[in-house]
Amino acid sequence: MSADRGASAVRLGSVSPGLASTFPGGPSNQLTPTWPVGRAVARWPRAIGDWLMGLPKQNYQSAEISAADPSAVFLVKSLLNPVIAVGCLVACLLGWDEPLYGPYFLIAVLTFVGTADFLDSAQINQAKGPMSALQLLLDIAVRWALLIGFLWILLHLSGLTPNFNHDVLRTWAVVTPAALWIGQMACQRLLMTAGARGTGPRHAVIVGLTEVGLRLERSIRDNPLLRTKVVGYLEDRSAARVDPQHASRILGRCDDLPTLIARHNVQVVYITLPMNRDPRVLRLLDALRDSTCSIYFVPDLFTFNLIQARFDLIDGVPLVAVCESPFYGIRGIAKRLCDIVVAGTALLLIAPLLLAVAVAIRLDSPGAAIFRQKRYGLDGKEITVYKFRSMTVTEDGRTSFTAAARGDRRITALGAFIRKTSIDELPQLFNVLEGSMSIVGPRPHPIAMNEQYRRLIPSYMVRHKVKPGITGWAQVNGYRGGDDLESMRKRIEFDLEYLRHWSLWLDLSILLKTTLLVWNDKQAY
1 MSADRGASAV RLGSVSPGLA STFPGGPSNQ LTPTWPVGRA VARWPRAIGD WLMGLPKQNY
61 QSAEISAADP SAVFLVKSLL NPVIAVGCLV ACLLGWDEPL YGPYFLIAVL TFVGTADFLD
121 SAQINQAKGP MSALQLLLDI AVRWALLIGF LWILLHLSGL TPNFNHDVLR TWAVVTPAAL
181 WIGQMACQRL LMTAGARGTG PRHAVIVGLT EVGLRLERSI RDNPLLRTKV VGYLEDRSAA
241 RVDPQHASRI LGRCDDLPTL IARHNVQVVY ITLPMNRDPR VLRLLDALRD STCSIYFVPD
301 LFTFNLIQAR FDLIDGVPLV AVCESPFYGI RGIAKRLCDI VVAGTALLLI APLLLAVAVA
361 IRLDSPGAAI FRQKRYGLDG KEITVYKFRS MTVTEDGRTS FTAAARGDRR ITALGAFIRK
421 TSIDELPQLF NVLEGSMSIV GPRPHPIAMN EQYRRLIPSY MVRHKVKPGI TGWAQVNGYR
481 GGDDLESMRK RIEFDLEYLR HWSLWLDLSI LLKTTLLVWN DKQAY
């Protein structure tokens, strides 16, 4: 389940000291700035086939603007989407013979700003292939739909909708995603061709033949738009202490850096040594004072069990978030809105079923139709979870809990059916509406079970950085039940992967897989 994590570099002497230049090749938990709304919206998995198969296995390259990008690539990434969106609006106005007067000019300005935010920078570094092109089109279409919805609400609330030709707006809303997709694909080809015909690539050296250095080189090699070639490594360790497979890439020792810069025409230096006052680091920086090379530190942050790691700033002070909820900023708003819409719609549709099940439970065995159980929710705080009663007992889960087993005599006749079909979980839709749970997330465990396993499994409580869910990544991968230590370890492993790679698309894929598993889940009893 673990993905090959890309390396992140911090440039020395940059304008924003905490800003990371993120190199393509890493997964969705790469270190990225948090302040633009659009960047907070999405690190959505983009391969449609992975909706059903799980997390993306390919290394999709980041669309983030990097300090390592050549000027032309930087310009295209920054302006391509806003320019195309506004250009399509102007073309639609010309096609419908409408003038670009006041209200339309307002739409153009809002679109330019909103497109840069909602659609982020142009994704011209994407992996090649039909699936990549299709995933890019879908990603653009969904983001564009969000922007159109925002603009429609804004115009409706401001009372400006009567001032527009709705045929113009409808045409614009439909054609723009295709234009954005074609524009990004065309610019990718154009930049690749121009780069091949232009001057040679920049030469780079990596100080330290480390795993993070090797990951960095792979990321640079996989992104030809960076136009950078790693000519070799500098390493002070003996050949016996480095990977023999890569020992031939060593150009010399760290003290040889000034000579090697001149010999190999090096323009970029990446340092994978710790960012401290180590004498080697100080000598390196002192030797580079008489050089025009761009210098980057590449911190080995991925030795930690990172959850939604990213760079941030507090009043100019750079921070590195090592373990954080994925639902910050607009992500949290999007997640909550999705929960409300799905839970509210589901309750309206299945209200008769809920009533029928409640009546059937009362007739089947004595006791309440709904039972309440104490479990841990967001940030480890106690919540009350609602379920249809499927047993003759109703343990509150606070001090003791005995997990259901196959053939458990406590399960009623009707209870066996509603557990098999997961109907017993449906009252948790009310938990979702009240805000204590989410539709998708790590399944909440009874408090007694939490207290037992948090001492046995490292990072167990990290799963509580988000609201618990009715269904989750572990459940659709075959770890719905099981009260043994190994099953719980696997469940926690999948829960943490969900936190690292969260996206709305991953939530939708889990929901779809859940509906397919309901009638054929061998783990349900």
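Quick note: my numbering has the sequence shown finishing at residue 525, numbered continuously throughout. Yeah, the Cβ is synthetic: ideal placement off N, Cα and C, and Gly gets one too.
Distance, residue j Cα to residue i Cα
i: aspartate 418; j: methionine 391; result: Residue identity check: residue 418 is isoleucine in the sequence provided, not aspartate. Rounded to whole angstroms, isoleucine 418 to methionine 391 spans 11 Å at the Cα level.
i: serine 487; j: glycine 252; result: 49 Å
i: proline 33; j: isoleucine 333; result: At proline 33 the pLDDT is 35, less than 50, meaning the model places this residue with poor confidence; the figure from the coordinates comes in the next sentence. Cα to Cα, the separation comes out at about 18 Å.
i: arginine 280; j: glutamine 308; result: 32 Å
i: phenylalanine 371; j: aspartate 339; result: 23 Å
i: leucine 273; j: valine 212; result: 10 Å
i: arginine 215; j: asparagine 265; result: 23 Å
i: leucine 511; j: threonine 421; result: 15 Å
i: leucine 414; j: leucine 355; result: 15 Å
i: leucine 349; j: alanine 108; result: 40 Å
i: cysteine 323; j: arginine 310; result: 9 Å
i: histidine 445; j: arginine 375; result: 6 Å
i: leucine 508; j: arginine 221; result: 33 Å
i: lysine 513; j: tyrosine 479; result: 13 Å
i: isoleucine 423; j: leucine 134; result: 36 Å
i: proline 177; j: cysteine 88; result: 10 Å
i: arginine 331; j: isoleucine 250; result: 44 Å
i: leucine 429; j: threonine 193; result: 53 Å
i: leucine 136; j: histidine 501; result: 18 Å
i: alanine 369; j: arginine 409; result: 18 Å
i: leucine 353; j: aspartate 300; result: 53 Å
i: valine 242; j: threonine 259; result: 23 Å
i: aspartate 236; j: aspartate 278; result: 13 Å
i: tryptophan 505; j: glycine 377; result: 23 Å
i: valine 317; j: leucine 75; result: 28 Å
i: alanine 72; j: isoleucine 439; result: 43 Å
i: alanine 321; j: glycine 441; result: 21 Å
i: leucine 151; j: aspartate 312; result: 29 Å
Member of the options whose CA lies at the smallest distance from the CA of residue i
i: alanine 416; options: Pro442, Arg227, Arg389; result: Arg389
i: lysine 229; options: Val268, Ile492, Val86, Leu347; result: Val268
i: alanine 173; options: Asn163, Leu157, Met192, Ile140; result: Ile140
i: isoleucine 383; options: Ile261, Gln184, Ser436; result: Ser436
i: glycine 367; options: Ala356, Lys387, Thr394; result: Thr394
i: valine 298; options: Asp117, Leu157, Ser219, Gly159; result: Ser219
i: lysine 387; options: Leu209, Ile470, Thr193; result: Ile470
i: glutamate 493; options: Arg336, Arg362, Pro458; result: Pro458
i: serine 158; options: Val175, Arg443, Pro103; result: Pro103
i: alanine 240; options: Leu209, Arg227, Glu217; result: Leu209
i: valine 357; options: Pro427, Gly114, Leu337, Asp255; result: Pro427
Same chain, Cβ closer than 8 Å to residue i, neighbours up to 5 away in sequence not counted
i: leucine 257; result: Val205, Val207, Leu234, Val269, Leu284, Ala287, Leu288
i: asparagine 165; result: Trp96, Glu98
i: arginine 489; result: Ile457
Other residues of its chain near residue i: CB distance less than 7 Å, five sequence neighbours each side excluded
i: methionine 461; result: Gly380, Arg454
i: glycine 183; result: Leu80, Ile84
i: isoleucine 261; result: Ser291, Cys293
i: glutamate 425; result: Lys387, Ile470
i: leucine 155; result: Thr161
i: aspartate 364; result: Thr412, Ala413, Leu414
i: asparagine 431; result: Val385, Tyr386, Met437
i: leucine 485; result: Leu456
Buried or exposed by the 16-neighbour rule on C-beta atoms within 10 Å, applied to residue i
i: tyrosine 101; result: exposed
i: glutamine 245; result: exposed
i: glutamate 497; result: buried
i: serine 503; result: buried
i: serine 294; result: buried
i: methionine 449; result: buried
i: threonine 527; result: Absent from the model: residue 527. The displayed extent of the chain is 1 to 525, so no value can be given.
i: alanine 116; result: buried
i: glutamine 61; result: Model confidence at glutamine 61 stands at a pLDDT of 38, short of 50, so the residue's coordinates are unreliable; what they give is reported in the following sentence. Buried.
i: threonine 515; result: exposed
i: glutamate 534; result: The structure shown has nothing for residue 534, since the chain only spans 1 to 525.
i: leucine 191; result: buried
i: aspartate 120; result: buried
i: serine 248; result: exposed
i: asparagine 223; result: buried
i: leucine 319; result: exposed
i: aspartate 495; result: buried
i: isoleucine 314; result: exposed
i: phenylalanine 118; result: buried
Nonlocal neighbours in the same chain, by C-beta distance under 6 Å from residue i, ignoring five residues either side
i: phenylalanine 112; result: Pro82, Val86
i: arginine 491; result: Ala474, Tyr479
C-beta neighbour in chain D for residue i, strict 8 Å
i: aspartate 236; result: Note that chain D does not occur in the displayed structure, where there is just one protein chain.
For this session: Taking 8 Å as the threshold, find out whether the stretch 312-327 comes into contact with the stretch 460-467 through three or more Cβ pairs.
Result: yes
Exercise. Hey, is the stretch 86-104 in contact with the stretch 163-172, meaning 3+ C-beta pairs nearer than 8 Å?
Worked result: yes
Exercise. For the 8 Å Cβ check, are there 3 or more pairs between the stretch 340-348 and the stretch 473-481?
Worked result: no
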